[in-house]
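Heads up: the protein sequence lines correspond to chains R and A, in order. Heads up: the first sequence begins at 1 in full-length UniProt numbering, then just goes up one per residue. Heads up: the second sequence begins at 1 in full-length UniProt numbering, then just goes up one per residue. No residue lacks a Cβ here, since even glycine has one placed at the ideal position from N, Cα and C. Comments concern the structure below.
Number of protein chains: 2
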Amino acid sequence: MFPLPAPMRAALDAAIQAGLAGEVPVGAVVVQGGTIIATGANAPRRLHDPTAHAEIQAIRAAALALGRDRLEDCELWVTLEPCAMCAGAIAHARIARLYYAASDPKGGAVEHGPRFFGQPTCHHRPEVYAGIGEGEAADLLRNFFAVRR
Amino acid sequence: MFPLPAPMRAALDAAIQAGLAGEVPVGAVVVQGGTIIATGANAPRRLHDPTAHAEIQAIRAAALALGRDRLEDCELWVTLEPCAMCAGAIAHARIARLYYAASDPKGGAVEHGPRFFGQPTCHHRPEVYAGIGEGEAADLLRNFFAVRR
């Protein structure tokens with residue numbers, strides 16, 4: 001086994017924290033110049049915020065830290081294929097590269113459903129790399145839902 | 001001329017405020033039981049937050065005020081057709097009814113591009129009513145961009 005890239009390890013750790021807090025275990029980090037500058041954990045229930053997906057939390061924190069609304073020199077690493085809301089936010093933020101672990105046939109919007117980055121109404125398309133850390137990310141989600149059914 | 005419904009009037013007033021602050025003039029309100037419980041004005045530049053569209057601002061404020069992450073008994077009124085990010089947030093929030101004024105062929109995701117509410121990966125579809133206040137909403141946007149070109 002090769003170790004995971006540090007940003008995906010950090011995103012998975014954020015996902016674990018989300019799961020321990022009773023939220024669907026998804027985590028994300030924003031990386032600028034090789035350094036993690038923001039971390040997000042899925043938290044809509046805890047925060048009473050339906051928009052509080054891991055990606056949105058990480059993007060908002062990164063933009064606030066940098067004092068601007070565009071992150072064109074940043075990467076987003078997330079444990080699950082982004083939904084339409086998060087894919088839209090990634091485009092608005094002008095994220096340069098998107099790395100995600102597990103794919104999400106039920107709610108994903110990158111390789112499923114709207115395939116948002118391929119739409120003519122999408123004004124920025126990041127480079128997309130899928131599958132890094134897929135096994136651990138999918139196991140986290142499977143175990144989370146298994147104990148709740 | 002008939003007067004506009006009060007929620008769309010309030011959304012248009014929020015759009016005007018956004019424009020006066022130098023942001024693309026889009027406004028939104030969340031209504032519960034006939035009462036406006038939250039208002040949002042587009043503010044990504046001012047807040048350094050690429051997710052700070054009017055709809056997201058209004059939904060976050062309403063959810064926080066109600067202390068829950070689902071707004072299934074609420075309506076969203078917004079001056080412009082929601083983008084993919086905002087349509088996704090509307091679905092996550094379980095908004096019952098969506099009213100929007102102007103349509104947005106370039107970035108809209110309701111009747112354009114991904115047509116998100118018709119996707120199998122969309123897990124909640126609000127009732128949608130378009131066109132109320134369309135003329136004023138479109139004029140605001142046209143005038144805003146005209147003086148910037």
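**Prompt:** Between the segment 62-73 of chain R and chain A, which residues of the former have a C-beta closer than 8 Å to a C-beta of the latter?
**Reply:** A63, L64, L66, G67, R68, D69, R70, L71
**Message:** At the level of alpha carbons, what is the spacing between L64(A) and W77(A)?
**Reply:** 18 Å
**Message:** What does the Cβ neighbour count give for D49(A), buried or exposed, with the cut at 16 atoms within 10 Å?
**Reply:** buried
**Request:** Mind checking the segment 112-141 of chain R against chain A and listing, in chain order, the residues whose C-beta falls within less than 9 Å of any C-beta there?
**Result:** H112, G113, P114, R115, F116, Q119, P120, T121, C122, H123
**Request:** Identify the continuous beta strand (DSSP E) that holds A38(A) and give its terminal residues.
**Result:** 35-41
**Distance between A38(A) and residue 150(R) (C-alpha atoms, nearest Å)** = Residue 150(R) lies beyond the stretch modelled for chain R, which goes from 1 to 149, so this question has no answer here.
**Message:** Please list, in chain order, the chain R residues whose beta carbon lies closer than 7 Å to that of residue 223(A).
**Reply:** The shown model of chain A, from 1 to 149, leaves out residue 223(A), and the question about it has no answer.
**Request:** Using alpha carbons as the reference points, say which of I132(R), G108(R), L80(R), A91(R) lies closest to P120(R).
**Result:** A91(R)
**Prompt:** With 9 Å set as the bound, which would you pick, yes or no: does the beta-carbon of P105(R) sit closer than that to a beta-carbon of chain A?
**Reply:** yes
**Message:** Counting C-beta neighbours from all protein chains within 10 Å, is the total for P25(R) 16 or more, i.e. buried, or is it exposed?
**Reply:** buried
**Request:** Could you tell me the distance, in whole angstroms, from the CA atom of G34(A) to the CA atom of G88(A)?
**Result:** 24 Å
**Request:** Kindly say whether L4(A), judged by its beta-carbon, lies nearer than 9 Å to any beta-carbon of chain R.
**Result:** no
**Asked** Does the Cβ-Cβ distance between C74(A) and A109(A) come in under 9 Å?
**Response** no
**Environment of A137(R) [buried if 16+ CB atoms lie within 10 Å]** = buried
**Message:** Taking 9 Å as the threshold (beta carbon to beta carbon), is M85(A) in contact with chain R?
**Reply:** yes
**Asked** Quick one: which chain A residues come within Cβ less than 8 Å of G40(R)?
**Response** In chain order: nothing, as chain A lies at least about 11 Å away.
**Message:** Once DSSP output is grouped into helix, strand and coil, what is the label at A96(R)?
**Reply:** coil
**Request:** State the CB to CB distance for the pair A14(A) and A54(A), rounded to an integer number of angstroms; the pair is presumed to be in contact (CB under 8 Å).
**Result:** 7 Å
**Item:** Beta-carbon separation (whole angstroms), F116(A) vs P114(R), contact threshold 8 Å
**Value:** 6 Å
**Asked** Taking the alpha-carbon positions, what's the A84(R) to P126(A) distance?
**Response** 16 Å
**Message:** For a contact defined as C-beta to C-beta under 7 Å, what are the partners of R60(R) on chain A?
**Reply:** D49, T51
**Item:** Selection from P44(A), T79(A), P82(A) that minimises the alpha carbon distance to R68(R)
**Value:** P44(A)
**Message:** Are the CB atoms of A130(R) and A101(R) within a distance shorter than 9 Å?
**Reply:** yes
**Prompt:** Is P25(R) close to chain A, meaning its C-beta is less than 9 Å from at least one C-beta of that chain?
**Reply:** no
**Message:** Please report whether the beta-carbon of I36(A) lies at a distance below 9 Å from any beta-carbon of chain R.
**Reply:** no
**Asked** Under a CB-based cut-off of 9 Å, is G108(A) close to chain R?
**Response** yes
**Item:** Any chain R beta carbon closer than 9 Å to R94(A)
**Value:** yes
**Asked** How many angstroms separate the CA atom of V147(R) from the CA atom of P5(R)?
**Response** 29 Å
**Request:** For the alpha helix (DSSP H) holding L12(R), just list the boundary residues, first then last.
**Result:** 6-20
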